[in-house]
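Structure, as structure tokens:
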């Protein structure tokens, strides 16, 4: 298979590129590097079955040669990024999605849209099934990301119905793992970085809000299953094991051996109070479910952060104390 992966130099996209190349596929990674990093795919740079193209998919583009599949992951995806780039977020969700759909149409290729659990907003149904329409504030602080993805889903479904594009939609829930940026604002990367640096772990609200955390390797298996199949979706991809934010903070502190304190700040507007996927559809239609539990996933994530220059303080004992390295 020859696949185009937009956003392929990002956190999730780079892992997808690696997985596809590892099984023998050829990958064209298209990324404008606004939030992704070339370093994320540096290990693939010398591989003849991989090519990085620096381009913003919000503007038209073409890919030479045959294209069998398009995985559209391009988008600012963390709160820090879509708050800083609201217009870019809307552009990549609208124009960017259409350009990718047109590429798939021209090549009679499979198209997989990486949508998000954010289409459910602050859900009133728990857990969230794919037939739940959501509870989204269309003009709230998070709306540019939520609505960009909702529009991208509508556009993709319209291309499937009217033009016959082989579309599959996945809704990705909270994902974590190596290559998360320390400053991306996601709760796992924030907690791990703060713990390793001996800084207070910042919890917004009282910490009772819940999330369901899926390790990136598990998620990528689900994306590949969607690329290989003909399932139209939408299909939730996430780990249904639910934890409170306070429980996550305690686990990160335990696994790092950090004695950093926990501080509480006001809960941001429109921050979801509960988020948990129903993955019945993924199990039955894709044969997929996560296998890596939160303890193992966090250990791998922490080890990666510890190996990154500048994450640990100069004196690790200040953080790790009696627990040692």
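In our numbering, the protein residues as written are -18 to 306. Cβ coordinates follow ideal geometry from the N, Cα and C atoms, glycine included.
Any idea what DSSP makes of residue i, helix, strand or coil?
i	result
residue 300	Model confidence at residue 300 stands at a pLDDT of 36, short of 50, so the residue's coordinates are unreliable; what they give is reported in the following sentence. Of the three classes helix, strand and coil, the one that applies to residue 300 here is helix, per DSSP.
residue 279	helix
residue 38	coil
residue 98	helix
residue -4	helix
residue 28	coil
residue 105	coil
residue 212	coil
residue 20	helix
residue 3	helix
residue 231	helix
Shorter than 7 Å, the distance from the beta carbon of residue i to the closest heavy atom of the ligand GTP, or not?
i	result
residue 60	Here there are no bound small molecules, and the ligand GTP is not part of this structure.
Return the chain-ordered list of same chain residues with a C-beta closer than 7 Å to the C-beta of residue i, the five sequence neighbours on each side being excluded.
i	result
residue 77	38, 39 and 55
residue 250	121 and 122
residue 103	116, 251, 253 and 254
residue 172	182, 229, 230 and 233
Tell me which residues share the same chain as residue i and place their Cβ nearer than 8 Å to its Cβ, disregarding the 5 neighbours each side in the sequence.
i	result
residue 2	8, 25, 28, 30 and 31
residue -16	1, 6, 7, 8, 9, 48, 49, 50, 51, 52 and 208
residue 272	199
Beta-carbon within less than 6 Å of residue i's beta-carbon, same chain only, minus the 5 sequence neighbours each way: which residues are those?
i	result
residue 207	93, 149 and 151
residue 242	181
residue 88	48
For the beta strand (DSSP E) containing residue i, list its first residue and its last residue.
i	result
residue 34	31 to 35
residue 9	7 to 12
residue -15	-17 to -13
residue 218	216 to 218
residue 111	Note, residue 111: premise wrong, no beta strand (DSSP E); not H, not E.
residue 193	191 to 193
residue 16	Looking at the DSSP string, residue 16 is not in any beta strand (DSSP E), and its letter there is neither H nor E.
residue 224	223 to 225
Given a threshold of 16 other Cβ atoms within 10 Å of its Cβ, counted over all protein chains shown, does residue i qualify as buried or as exposed?
i	result
residue 133	buried
residue 220	buried
residue 268	exposed
residue 145	exposed
residue -14	buried
residue 12	buried
residue 262	buried
residue 35	exposed
residue 265	exposed
residue 43	exposed
residue 203	buried
residue 41	exposed
How far does the alpha helix (DSSP H) with residue i in it reach, from first residue to last?
i	result
residue 206	197 to 209
Beta strand (DSSP E) segments (min. 3 residues) lying fully within the segment 236 to 275:
Listed in chain order, the complete beta strand (DSSP E) runs (minimum 3 residues) inside the segment 236 to 275 are 243 to 246.
Report the start-end ranges of each beta strand (DSSP E) in the segment 114 to 187 that is 3 residues or longer and not cut off at the edges.
Taken in chain order, the unbroken stretches of beta strand (DSSP E) that lie wholly in the segment 114 to 187 and span 3 residues or more are 147 to 153 and 182 to 185.
Output the residue ranges of the alpha helix (DSSP H) runs that lie fully inside the segment 44 to 96 and measure 4 residues or longer, sorted by chain position.
As far as the segment 44 to 96 is concerned, its whole alpha helix (DSSP H) runs of at least 4 residues are 60 to 65, 67 to 72 and 78 to 88.
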